[in-house]
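Line by line, the protein sequences are chains C and E. The number in my numbering is simply the position in the first sequence, starting from 1, with 44 added. The number in my numbering is simply the position in the second sequence, starting from 1, with 59 added.
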Amino acid sequence: NAGVTQTPKFRILKIGQSMTLQCTQDMNHNYMYWYRQDPGMGLKLIYYSVGAGITDKGEVPNGYNVSRSTTEDFPLRLELAAPSQTSVYFCASSRRLAGVPYEQYFGPGTRLTVT
Amino acid sequence: AQTVTQSQPEMSVQEAETVTLSCTYDTSESDYYLFWYKQPPSRQMILVIRQEAYKQQNATENRFSVNFQKAAKSFSLKISDSQLGDAAMYFCAYSLNNAGNMLTFGGGTRLMVKP
């Protein structure tokens with residue numbers, strides 16, 4: 045199993061450009077998440093999904109959009125990039141069985157710089 | 060909203076010694092989970108240990124153990140026989156046991172291990 049994979053690993057965007065961060069998991073997890081980590085800080089939740097076709101906002105959703113058309117993929121879209129979106133982005137996945145949540149598995153992260 | 064606080068931005072320990080990292084959290088819920096994640100320089104988020112709030116017994120994983128004080132809302136991580144490979148950022152995280160299982164992270168503690 046590859047686990048959670050993210051592409052690209054690094055990206056530099058100009059202000060106002062758009063891009064999509066890709067995330068794929070091969071563990072058949074129903075739950076997926078996007079977090080951002082600013083320098084020297086903990087991770088903050090951007091969006092999450094509890095299954096295909098279902099998404100919801102986290103703590104810091106402004107400036108981002110997501111979709112979940114399949115169990116495996118959970119892309120994050122940045123529209124009109126701003127310097128405040130310079131961060132490291134982590135995708136994660138987990139499962140929930142019989143009412144018990146299991147650990148979140150994280151991808152390797154995407155370092156995004158907006159200049 | 061739940062909050063997680065790590066009051067020690069940096070900690071230092073001698074190799075083979077024991078160190079304790081502190082974490083406090085604020086919640087009015089009774090059914091939740093607590094986690095410690097390790098983030099080495101590679102940026103990969105690695106689960107260290109997990110504690111269910113309904114369990115009174117403190118979780119243990121090899122050299123890692125927690126001191127869970129539910130009434131005090133405290134969740135500290137003890138690392139015994141510290142090794143050079145333990146040097147990393149450590150994040151405390153909280154998850155309410157609900158449909159989303161989202162994680163709320165503390166700001167992190169940087170652990171340095173001296174040879």
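C-beta: ideal position from N, C-alpha, C; glycine also. If you're wondering where the values come from, they're calculated on a predicted model, not measured in any experiment.
As assigned by DSSP and simplified to three states, the class of residue i
i: Gly143 (chain C); result: coil
i: Leu65 (chain C); result: strand
i: Leu57 (chain C); result: strand
i: Lys144 (chain E); result: Note that residue 144 (chain E) is Gly in the sequence shown, not Lys. Helix at Gly144 (chain E).
i: Ser128 (chain C); result: helix
i: Leu89 (chain C); result: strand
i: Leu162 (chain E); result: coil
i: Gly151 (chain C); result: coil
i: Ser71 (chain E); result: strand
i: Glu120 (chain E); result: strand
i: Gly95 (chain C); result: strand
i: Lys101 (chain C); result: strand
i: Thr115 (chain C); result: coil
i: Thr157 (chain C); result: strand
First and last residue of the uninterrupted beta strand (DSSP E) at residue i
i: Lys137 (chain E); result: Ser133 to Ile138
i: Val107 (chain E); result: Ile105 to Glu111
i: Cys135 (chain C); result: Ser131 to Ser138
i: Cys151 (chain E); result: Ala147 to Leu155
i: Met76 (chain C); result: Tyr75 to Gln81
i: Asn85 (chain E); result: Per the sequence presented here, residue 85 (chain E) reads as Asp, with Asn not at that position. Residues Thr83 to Asp85.
i: Phe123 (chain E); result: Phe123 to Gln128
i: Arg169 (chain E); result: Thr168 to Lys173
i: Gln98 (chain E); result: Tyr91 to Gln98
i: Val110 (chain C); result: Tyr108 to Val110
i: Arg102 (chain E); result: Counting along the chain, Arg102 (chain E) falls outside any beta strand (DSSP E), and DSSP gives it neither H nor E.
i: Gln50 (chain C); result: Val48 to Thr51
i: Thr64 (chain E); result: Thr62 to Thr64
i: Thr79 (chain E); result: Val78 to Leu80
Same chain only: Cβ atoms within 7 Å of residue i, ignoring 5 sequence neighbours per side
i: Ala46 (chain C); result: Asp70
i: Gly102 (chain C); result: Leu89, Ile90, Tyr91 and Tyr92
Cβ-Cβ distance between residue i and residue j below 9 Å
i: Ala149 (chain E); j: Thr119 (chain E); result: Correcting the residue type first, residue 149 (chain E) is Tyr in the shown sequence and not Ala. The answer is no: Cβ separation not under 9 Å.
i: Val72 (chain E); j: Phe164 (chain E); result: no
i: Ala136 (chain C); j: Trp78 (chain C); result: yes
i: Ser154 (chain E); j: Leu80 (chain E); result: no
i: Thr51 (chain C); j: Asp117 (chain C); result: no
i: Ala60 (chain E); j: Asp90 (chain E); result: no
i: Thr64 (chain C); j: Leu122 (chain C); result: yes
i: Met104 (chain E); j: Phe150 (chain C); result: yes
i: Phe134 (chain E); j: Thr83 (chain E); result: yes
i: Pro145 (chain C); j: Asn117 (chain E); result: no
Neighbourhood of residue i by C-beta, 6 Å cutoff - its chain only, sequence neighbours within 5 removed
i: Val107 (chain E); result: Trp95, Lys97 and Phe123
i: Pro119 (chain C); result: Thr64 and Gln66
Proximal residues to residue i (C-beta, below 8 Å), its chain only, five neighbours per side dropped
i: Met171 (chain E); result: Glu69, Met70, Ser71, Val72 and Ala146
i: Leu87 (chain C); result: Tyr79, Arg80, Gln81 and Phe134
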